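Contents: one structure, followed by commentary.
Protein chains: 2
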Amino acid sequence: MSETHTRPVRGRATIRDVAALAGVGIKTVSRVINHEANVSVATREKVEQAVVALNFTPNQGAGALRRGDRKTLTLGLLLDAVDNPFSAAIHRAVEGAAWERQTAVFGASFGDDPLRERALVEAFTRRRVDGLVLTTISDDHTYLQTERDQGVPVVFVDRPPRGLDADTVLTDNREASITAVAHLLAHGHRDIAFLSDDLEVSTARQRHEGYRTALADAGVVPGPVLTGLTSVEAAYEAVRGLVSGPDRPTALFTSQNLVSIGGIRALHDLGLQNEVAMVGFDDVFLADMLEPALTVVAQDPAEMGRTAAARVFARLDGDDSPAVTSVVPARLVVRGSGEIPPTR
Amino acid sequence: MSETHTRPVRGRATIRDVAALAGVGIKTVSRVINHEANVSVATREKVEQAVVALNFTPNQGAGALRRGDRKTLTLGLLLDAVDNPFSAAIHRAVEGAAWERQTAVFGASFGDDPLRERALVEAFTRRRVDGLVLTTISDDHTYLQTERDQGVPVVFVDRPPRGLDADTVLTDNREASITAVAHLLAHGHRDIAFLSDDLEVSTARQRHEGYRTALADAGVVPGPVLTGLTSVEAAYEAVRGLVSGPDRPTALFTSQNLVSIGGIRALHDLGLQNEVAMVGFDDVFLADMLEPALTVVAQDPAEMGRTAAARVFARLDGDDSPAVTSVVPARLVVRGSGEIPPTR
DNA sequence: TTGTCGCGTGACAACGGTGTCAGGCTTCAT
DNA sequence: ATGAAGCCTGACACCGTTGTCACGCGACAA
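Okay, structure coming up:
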């Protein structure tokens, strides 16, 4: 036992301080805090007392550095925005799954900025996260190949990767949109507008495709298509303009939650909420309390998050089968706004 | 220059690999990646090329271990639930502020569980976060004193600490509740019910206190008080029972966002939404689109998050003035439900 | 008795970086 | 010519932990 070690007055206790106080070697302390075998009961108790007395908390970063597996018990989660309800539901699910594996989650928002997406991934890399769960905005994900080469599993949620073959968790946006539009068609609508955020985003493209497919299958001519609506305000103005004209469509398919909210506001302000039918993509809080209540195709973000987390951890546990794409079903929630008959 | 170092085939490039490839010492590589002065242009370029060639990303954890300040550029953020809109808004604001300081944020939810709160703080500690921003559920925060002794700044948001003197960011719940209740009184109500989640939570207690104060100041007898409503369903049932009886109150003050939602549902289901006045605490998505639209006292969670982040970073920058409590104003948003006149 | 084995233990190197320090080389004033 | 000062550079120790290995000891079989 080394007698040279003196506990510094300030600063956090280290394993050496514990060893000195307990009168054992540092390796023995390491054994105790990691619950390894082959430590006598008496020694274990001495060490545990010293741990409590010094309020010792092991430095996980230092451990990760030395440990063979080099795991930091940390996950990077990239989201559109942590305060978007859809993203937040994914976040909660991933965090819940991670917690069971003693893993902490870095949550980060890229907003609409592909540069920030990359900067955030690099920030995660510098911190040596064990895995990445990504919603992305950039249109080329080859830059992530390096990470995968280093053994860092990458799972995409909500939007598929481009230029990279990786695990992906998606809603079938095309199919769900077909359901939404078919619902409007079944209620007699023949003039259905499509509103979405940026068509550069793959989900918006697929929803648009579903919209066109459903109409084509029914032999109906597409209605007005308004895209690039990246905020509630933009959607509000777009819908306001759209339904104010003489040839207003009889129904709207708002293909994203912020667009739906803007659309609802515009219809309410114009007193048209019972004249123009509407189906939204994504459920929103209180949608059932509106008059008319909002009919939506609801994704299941919690399930998406759970599935994504399960994929990452499966990869970390050694699953090296080919990349899989999981499709989480969406469901039509009929509430009223989608069943308004055409008025013209 | 050491010729003994060979780049391993697998695994991530280290500073040593870069040094070997560039033909310089590791310390010089360190200088380049940290943008230190006194490196010749030629050397700098050689190193930069090697960094790119090997796809080198420094291991921040390893650096933090050795560096004097010992900063991990990491923050721990504890929230009720990352998918609660109020919490999520705080999250976004903290993350935004942290990003400007190259700091990543661990976001975590404790649900309703004080044990999990402590476990999460310990998980943060093990990862040596630079600071903690906490919304809490436990009723004794003395356990955090250890962290502060180690120089980790702790800032409380939304709910004040107990048994600890620390920076705190709050809404003036008492004052905001007085505003809400005074608004109902001004519209002629004399029978106002109070509904809240658990009174063990300090915010709920203060809101209750504001309710009682406003009534006492007006010489009005308190109405029914229903507490412990910790879910939308519980609030729904409580309100349903409350307004179904013969002596139903003429107005409700629902002092938390989930309680408001349950209350709205109950009133709508009974067709009483235009008979019973209601003011909610906390704004909710789409509250302005309801009929009647919901009058609320709205907190400003984004501002709370920004303020909390500013406090943490000020402390990290050496501010050692006494703990401050910042009060973020709430504002009354008049929309309709709070202006319904008493019907009895 | 002797050898083998397993248990409990600690010395030491190593993980990937950064702080310290000293040495070689210029530059420039004395 | 001599010295002082400043720039550029790398050797080396060290941050806090875990992996490896070797050692002493008691139990037990031969």
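Residue numbers (my numbering), protein chains in the order written: chain A, 1 to 344; chain B, 1001 to 1344. Quick reminder that beta carbons are idealized off the backbone N, C-alpha and C, glycines included. These figures come from a predicted structure and were not determined experimentally.
_Alpha-carbon spacing of L1077 (chain B) relative to L1294 (chain B), whole angstroms_ = Taking the CA atoms as reference points, L1077 (chain B) sits about 31 Å from L1294 (chain B).
*CB contact check: H141 (chain A) to chain B, cutoff 8 Å*: At a cut-off of 8 Å between C-beta atoms, H141 (chain A) does not count as an interface residue with respect to chain B.
*Among A:D158, A:L120 and A:R127, which one has its Cα closest to the Cα of Y143 (chain A)?*
Looking at the Cα atoms, A:L120 is the closest of the given residues.
_Using the three-state DSSP reduction, which class does I1015 (chain B) fall into: helix, strand or coil?_
helix
*Are any of the Cβ atoms in chain B nearer than 8 Å to that of V284 (chain A)?*
Closer than 8 Å: yes.
*Of the residues B:D1130, B:I1033 and B:G1096, the one placed nearest R1315 (chain B), counting alpha carbons only*: Closest by alpha carbon: B:D1130.
*asked:* Suppose contacts are defined by Cβ-Cβ distances below 8 Å. Is R1118 (chain B) in contact with S1087 (chain B) by that definition?
replied: Not closer than 8 Å, so no.
*Beta-carbon proximity check, L1226 (chain B) vs A1193 (chain B), cutoff 8 Å*: yes
*Length of the line joining the Cα atoms of E1003 (chain B) and R66 (chain A)*: A caution first: E1003 (chain B) carries a pLDDT of 44, below 50, which makes its placement in the model unreliable, though a value can still be read off. The alpha-carbon atoms of E1003 (chain B) and R66 (chain A) are separated by roughly 24 Å.
_Cβ-based burial, G41 (chain A) [other Cβ within 10 Å; buried from 16]_ = For clarity, residue 41 (chain A) is Val in the given sequence; the question names Gly instead. By the 10 Å Cβ count, V41 (chain A) comes out exposed.
*8 Å CB neighbourhood of A53 (chain A) in its chain, flanking five on each side removed*: Closer than 8 Å at the Cβ level, and outside the excluded window around A53 (chain A), lie L21.
*Return no unless some Cβ of chain B is closer than 8 Å to the Cβ of M289 (chain A).*
M289 (chain A) counts as touching chain B.
*asked:* Is H268 (chain A) close to chain B? Criterion is C-beta to C-beta, closer than 8 Å.
replied: yes
*Ordered along the chain, which non-local residues of its own chain (more than five positions away) have a Cβ less than 6 Å from that of D1197 (chain B)?*
Residues A1204, L1229, T1230 and Q1256 of the same chain have their beta carbon placed closer than 6 Å to that of D1197 (chain B), with the five preceding and five following residues left out of the count.
*What residues in its chain sit with their C-beta under 7 Å from that of A89 (chain A), if we drop five residues either side in the sequence?*
P301, A302 and G305
_Quick check: is the beta carbon of E48 (chain A) nearer than 8 Å to any beta carbon in chain B?_
no
*Along the chain, where does the beta strand (DSSP E) that runs through S244 (chain A) open and close?*
That residue, S244 (chain A), is in no beta strand (DSSP E); its alpha helix (DSSP H) goes V232 to S244.
*Look at G1262 (chain B) and V1239 (chain B) and say whether their C-beta atoms are less than 8 Å apart.*
Contact: yes.
*Coil, strand or helix - G96 (chain A) by DSSP*: helix
*With 7 Å as the limit, tell me which residues of the segment 86-112 of chain A have their beta carbon closer than that to any beta carbon of chain B; keep them in chain order.*
Per Cβ criterion, the list reads A88, A89, H91, R92, E95, A104, V105, F106, G107, A108 and S109.
*asked:* Applying the 10 Å Cβ sphere with the 16-neighbour rule, what's the burial state of Q354 (chain A)?
replied: Any answer about residue 354 (chain A) is impossible in this case: the structure gives chain A only from 1 up to 344.
*For D283 (chain A), the nearest candidate out of A:R148, A:A180 and A:L73 (CA to CA)*: A:A180
*Span of the beta strand (DSSP E) holding I1261 (chain B)?*
Unbroken run through I1261 (chain B) is the alpha helix (DSSP H), N1257 to L1270; no beta strand (DSSP E).
*From M1 (chain A) to I33 (chain A), what distance separates their C-alpha atoms?*
Any reading at M1 (chain A) must be qualified, since the residue scores a pLDDT of 39, below 50, and its modelled position is unreliable; no value is offered.
*With contact counted as at least three CB pairs below 8 Å, one residue from each stretch, are the segment 1043-1050 of chain B and the segment 1097-1115 of chain B in contact?*
no
*Is the beta carbon of G1188 (chain B) less than 8 Å from the beta carbon of P1342 (chain B)?*
yes
*Could you have a look at G1210 (chain B) and say whether DSSP puts it in helix, strand or coil?*
helix
*Which residues mark the beginning and the end of the beta strand (DSSP E) in which I1192 (chain B) is found?*
I1192 to L1195
*DSSP state of L1078 (chain B) mapped onto helix, strand, coil*: strand
*If you draw a straight line from the C-alpha of D1017 (chain B) to the C-alpha of D165 (chain A), how long is it?*
29 Å
*Would you mind reading off the limits of the alpha helix (DSSP H) that contains A1149 (chain B)?*
Note that residue 1149 (chain B) is Asp in the sequence shown here, rather than Ala. Taken as a continuous stretch (DSSP letters only), the alpha helix (DSSP H) holding D1149 (chain B) covers Q1145 to D1149.
*Counting only beta-carbon atoms, is N1034 (chain B) nearer than 8 Å to chain A?*
So, not an interface residue.
*Let me know the secondary structure DSSP gives V1220 (chain B) once reduced to three states.*
coil
*Classify A973 (chain B) as helix, strand or coil using the three-state DSSP reduction.*
Absent from the model: residue 973 (chain B). The displayed extent of chain B is 1001 to 1344, so no value can be given.
*Nearest neighbour of G151 (chain A), chosen from A:L132, A:P161, A:R159 and A:T168 [CA to CA]*: Measuring from the Cα of G151 (chain A), the nearest candidate turns out to be A:L132.
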